[in-house]
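What follows is the structure, encoded as structure tokens:
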């Protein structure tokens, strides 16, 4: 299964509550935090909510 490398590039301060919660659920706490997650529909949905705050790359 493919994996996604998610990097937080902007702050969640001032964003909506559900967007901040999506960042926390992804495991991102501060700018430049990086997490690697499985490519699943649930993860894709959380990334879609905060796509303006994160950078996503596919890794093998």
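Residue numbers (UniProt numbering): 1 to 60. Beta carbons: idealized from backbone N, C-alpha and C, even for Gly. Fair warning: this is a prediction, and the values are worked out from it, not measured in the lab.
Residues that residue 107 bridges to, as DSSP identifies them: Outside the displayed span of the chain (1 to 60) sits residue 107, for which this structure offers no information.
Beta-carbon proximity of residue 4 to residue 56, cut-off 8 angstroms: Taking the chain shown and counting its residues from 1, one reaches residue 4 at position 4. Taking the chain shown and counting its residues from 1, one reaches residue 56 at position 56. In contact: residue 4 and residue 56 (Cβ atoms closer than 8 angstroms).
Where the beta strand (DSSP E) containing residue 60 begins and where it ends: In the chain shown, residue 60 corresponds to position 60, counting from 1. No beta strand (DSSP E) contains residue 60, which DSSP labels as neither H nor E.
Supposed contact pair residue 43 and residue 71 - C-beta distance, whole angstroms, cut 8 angstroms: Given that the chain is displayed from residue 1 to residue 60, the structure contains no residue 71 and the question cannot be resolved.
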